[in-house]
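Reviewing the structure listed below.
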Amino acid sequence: MDLVQEKQIVKACQAGNFEGIGLLYEAYVKKIYSFVYYKTYHKETAEDIVSDVFMKALENIGSYKSGRGSFSAWLYGIARHSVVDHFRAARPSINIEDVWDLSDDQNLEIDLDTRQKLLAVKKYLAKFKPAHREIIMMRLWGEMSYREISEIAGLSEANCKMIFSREMGKLRAEMGAATFLLFMFLNL
Numbered sequence: 003m004d005l006v007q008e009k010q011i012v013k014a015c016q017a018g019n020f021e022g023i024g025l026l027y028e029a030y031v032k033k034i035y036s037f038v039y040y041k042t043y044h045k046e047t048a049e050d051i052v053s054d055v056f057m058k059a060l061e062n063i064g065s066y067k068s069g070r071g072s073f074s075a076w077l078y079g080i081a082r083h084s085v086v087d088h089f090r091a092a093r094p095s096i097n098i099e100d101v102w103d104l105s106d107d108q109n110l111e112i113d114l115d116t117r118q119k120l121l122a123v124k125k126y127l128a129k130f131k132p133a134h135r136e137i138i139m140m141r142l143w144g145e146m147s148y149r150e151i152s153e154i155a156g157l158s159e160a161n162c163k164m165i166f167s168r169e170m171g172k173l174r175a176e177m178g179a180a181t182f183l184l185f186m187f188l189n190l
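Just so it is clear: in the sequence shown, position 26 is 28 by our numbering, and no numbers are missing.
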């Protein structure tokens, strides 16, 4: 779906015609699921949160303003807040910025190979500030543009590019070329 079609569907939904909502769902469900899953590492939790994200989006589509940013950024913002709400409800005493550091033995239902890859990636990503880690994840595995990332993170495009470039440089130096390439193209 191109941006013009997306805008038309969003406008139609805002006017009460929800026939195209399925197309928006299909366009974003995998990306939003990945975004949420790599923050929760729990399949059922991610599925529940993603379901909640799309329900909130549908209920609040009238509040979306195209002048404030892309629909994608708006949807990721809902996802981001839904993850924060989930962790607040589940563990009110934990620092929301440190949800990455939750124990990874919380009913993970992934095969051993994927789990080992996740642990290796997690080891390297854990060294970054939470905001920097999120930028890297959105760029590499969310396949998002710097513009989308900047809208979601609330930073300038230039700042997002600089953070990504610096952090990837640190990774490259620490990991070595072969491991770094594996990291870059790891399709979790």
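Quick reminder that beta carbons are idealized off the backbone N, C-alpha and C, glycines included. Please read all numbers here as calculations on a predicted model, not as lab measurements.
Do residue i and residue j have their C-beta atoms within less than 8 Å of each other?
i    : j    : result
G156 : F37  : no
Q16  : I63  : yes
T42  : V86  : no
M3   : A29  : yes
I51  : H88  : yes
R174 : E159 : no
With a CB to CB cut of under 7 Å and the five nearest residues on each side skipped, what residues in its chain are close to residue i?
i    : result
M146 : M140
I137 : I151, A155, C162, I165, F166
F73  : E8, V12, Y66
E169 : F130, H134, I138
K32  : none
S68  : K9
Y27  : F56
For residue i, I'd like the list of residues in its chain whose CB is within less than 8 Å of its CB, leaving aside the five on either flank, ordered along the chain.
i   : result
E61 : none
E21 : A14
Hey, residue i and residue j are a contact pair by Cβ (cut 8 Å); roughly how many whole angstroms apart?
i   : j   : result
I23 : V55 : Not really, about 13 Å apart at Cβ, beyond 8 Å.
Could you name the residues of the same chain whose beta carbon sits closer than 6 Å to that of residue i, not counting the 5 residues immediately before and after it, in chain order?
i   : result
Y78 : I154
Within the present structure, is the beta-carbon of residue i separated from the nearest heavy atom of the ligand FAD by less than 7 Å?
i    : result
E136 : In the structure shown, the ligand FAD is absent, as is every other ligand, since no ligand is present at all.
(request) At 4 residues or longer, and completely inside the segment 38 to 96: list those alpha helix (DSSP H) runs for me, N to C. (result) 45 to 61, 73 to 92
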